[in-house]
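Novice: Numbering (our numbering), first residue to last: 5 to 468.
The structure that follows is given in the form of structure tokens.
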């Protein structure tokens with residue numbers, strides 16, 4: 005079940021909201037826990053046990069860390085146990101096949117490759133659950149004494165399967181002290197509609213072009229650029245739209261969860277891009293990997309080492325294929341070079357050129373991300389720069405005429421322009437406010453019409 009589905013919007017969500025607001029406050033986390041399990045079981049009825057096992061292990065380890073707080077070595081042992089168990093489960097289900105097949109290809113052995121389905125959301129809820137034990141050990145959050153409250157945190161359906169990655173530190177107090185209000189509920193519903201529009205109207209439509217170009221054997225230069233630009237906007241509106249819906253849903257239940265995107269395609273450096281893109285993942289790696297390694301405190305060489313480790317892990321986190329590792333290394337190299345060599349220069353040149361550099365660097369990076377076959381990725385890059393192909397062909401002209409307007413709309417909506425316009429209407433005169441209100445109703449109506457009319461409703465980040 006995904007947020008941008010009629011079943012979720014018109015059956016599951018209304019039922020949860022009605023039950024949630026009818027029961028006494030002390031039972032509301034229990035309601036969220038139960039319905040979150042139903043939500044997850046809808047797509048993964050077997051692997052719900054894996055998620056519950058992960059939650060129980062970390063709940064137990066967190067209790068032990070709190071109990072032995074004054075005996076640091078013992079407490080640290082339970083933290084290590086939590087990390088080992090979580091990463092072992094993630095490693096087996098997500099990477100066992102990749103590592104086994106790679107080992108076979110290097111050695112010529114025929115070790116059977118494990119064939120296990122990837123549990124939905126395991127990359128997200130593993131990091132969230134693991135943060136609980138670590139945050140207690142660091143004394144950044146109190147131990148949660150109610151296993152129901154903790155279960156509600158780990159399984160909370162708005163961020164369960166695709167983030168944002170919500171650290172326990174950010175949710176600890178809200179589990180017992182949040183306040184629901186009509187104003188917060190309304191703001192959440194509006195945010196959900198914005199995310200729905202991003203996902204259904206923009207992402208799903210540009211996805212048709214991205215998928216079309218991906219399966220072409222040798223696209224022209226024009227077609228190649230149109231295809232990768234389509235993927236560039238698809239992955240942004242797909243994932244940021246889902247994050248908007250998650251943030252909006254959380255508000256409807258009284259929770260505040262972190263922002264995950266802040267207009268990343270307006271960045272003027274690759275480093276700035278990653279401060280605006282998938283913010284909660286970057287924060288997680290910074291807090292739980294980069295800083296424990298020493299951050300930038302040990303001199304240039306150790307800083308470069310720490311950054312390289314983080315970016316390799318960032319790439320591998322995204323998928324069980326070596327193209328993701330290459331993608332992470334690519335961005336790591338760019339960010340290290342910006343830090344050591346030309347970061348200051350980017351601040352001095354005209355803004356247009358620093359933006360163009362950043363945007364092109366990101367677009368090229370998406371080539372490695374979108375093609376699991378690395379040779380195909382390099383062939384696509386060659387086509388983009390006119391190597392071994394024609395500049396323009398009929399296919400490219402057809403794609404330009406058919407999808408050009410959609411790409412322009414996507415570009416405008418990924419800029420500050422759309423936000424400034426809606427804010428101006430929201431705070432304007434009576435007529436502007438009326439248009440603003442009607443606009444949100446139109447978002448719902450148009451999105452529902454697209455969902456009814458079109459069964460093509462993919463979501464990229466479910467595979468991670």
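Glycine is no exception: its CB is placed at the ideal position from the N, C-alpha and C atoms.
Only a predicted model underlies this, so the values are computations on that prediction, with no experimental measurement involved.
1. Go ahead and pull the three-state DSSP assignment for residue 393.
2. Among 174, 46, 266, 398, which residue has its Cα nearest to the Cα of residue 469?
3. Expressed to the nearest angstrom, what Euclidean distance is found between the alpha-carbon atoms of residue 73 and residue 270?
4. Using only CA atoms, which one of 278, 228, 428 lies nearest to residue 401?
5. Quick one: residues in its chain with C-beta nearer than 6 Å to the C-beta of residue 156, no 5 flanking neighbours on either side, listed in chain order?
6. Where do the ends of the alpha helix (DSSP H) carrying residue 149 lie?
7. Which class does residue 375 belong to by DSSP, given the choice of helix, strand or coil?
8. Can you name, in chain order, every residue of its own chain whose Cβ lies under 6 Å from the Cβ of residue 131, other than the five neighbours on each side?
9. Just verifying my parser: in three-state terms, what is the DSSP assignment at residue 531?
10. Looking at the C-beta of residue 97, does it have a partner C-beta in chain E at a distance below 9 Å?
11. Please report how far the alpha carbon of residue 291 lies from the alpha carbon of residue 78, in whole angstroms.
12. Examine the Cβ distances between the region 346-359 and the region 140-155 and report whether three or more of them are shorter than 8 Å.
13. Could you work out which residue in 127, 103, 144 is closest to residue 167 when comparing CA atoms only?
14. As a quick exercise: from 161, 205, 99, 134, pick the residue whose alpha carbon is nearest that of residue 117.
15. Starting from residue 451, trace the alpha helix (DSSP H) in both directions and tell me its first and last residue.
16. What is the rounded straight-line gap between the Cα of residue 121 and the Cα of residue 434?
17. Using only CA atoms, which one of 306, 286, 345, 340 lies nearest to residue 317?
18. Go ahead and pull the three-state DSSP assignment for residue 124.
19. At the level of alpha carbons, what is the spacing between residue 151 and residue 123?
20. Which whole-angstrom value is the C-beta distance of residue 233 and residue 411, which I expect to be below 8 Å?
21. Just to confirm the assignment: which complete alpha helix (DSSP H) runs, minimum length 4, are found wholly within the region 145-202?
22. Is it true that the CB of residue 136 sits closer than 9 Å to the CB of residue 62?
23. Can you name the start and end residues of the alpha helix (DSSP H) that residue 409 belongs to?
24. Between residue 235 and the ligand SAH, is there a pair consisting of the residue's CB and a ligand heavy atom that are separated by less than 8 Å?
25. State the Cα-Cα distance for the pair residue 163 and residue 175, rounded to the nearest angstrom.
26. Among 209, 370, 147, whose alpha-carbon lies nearest the alpha-carbon of residue 332?
27. Quick one: complete alpha helix (DSSP H) runs, 4+ long, within the region 239-323?
28. What do you get for residue 329, buried or exposed, if any count of 16 or more other CB atoms within 10 angstroms of its CB means buried?
29. Hey, would you say residue 213 sits closer than 9 Å to residue 403, going by beta carbons?
30. Would you call the region 369-385 and the region 189-204 in contact, with 3 or more CB pairs under 8 Å?
31. Indicate the three-state DSSP secondary structure (helix, strand or coil) for residue 113 in the structure shown.
32. Alpha carbon to alpha carbon, what distance is there between residue 206 and residue 183?
33. Between which two residues does the alpha helix (DSSP H) holding residue 22 run?
34. State buried or exposed for residue 149, treating a residue as buried only when at least 16 other CB atoms are found within 10 Å of its CB.
35. Check the C-beta distance from residue 260 over to residue 254 and give it rounded, since I have them as a contact under 8 Å.
36. Short check: CB of residue 44 to CB of residue 125, under 9 Å?
Specialist: In this structure, then:
1. coil
2. Absent from the structure is residue 469, since the part of the chain shown begins at 5 and ends at 468.
3. 45 Å
4. 228
5. 33, 36, 37
6. Element bounds for residue 149: n/a, residue is neither H nor E.
7. Three-state result, residue 375: coil.
8. 169, 288
9. As displayed, the chain neither begins before 5 nor continues past 468, which places residue 531 out of reach and without an answer.
10. Within the model displayed, chain E is absent; a lone protein chain is all it includes.
11. In this model, residue 291 and residue 78 are separated by some 22 Å (Cα to Cα).
12. no
13. 127
14. 99
15. It spans 434-457 - the alpha helix (DSSP H) in which residue 451 sits, taken as one unbroken run.
16. 54 Å
17. 286
18. Judged by DSSP in its simplified three-state form, residue 124 adopts coil rather than helix or strand.
19. 23 Å
20. 6 Å
21. 151-159, 161-164, 172-175, 178-181, 186-201
22. yes
23. 398-417
24. With respect to small molecules bound, the structure shown includes none, and the ligand SAH cannot be examined in it.
25. 12 Å
26. 370
27. 274-280, 283-289, 304-322
28. buried
29. yes
30. No, they do not touch.
31. coil
32. 34 Å
33. 17-26
34. exposed
35. Correct: roughly 7 Å between the Cβ atoms.
36. yes
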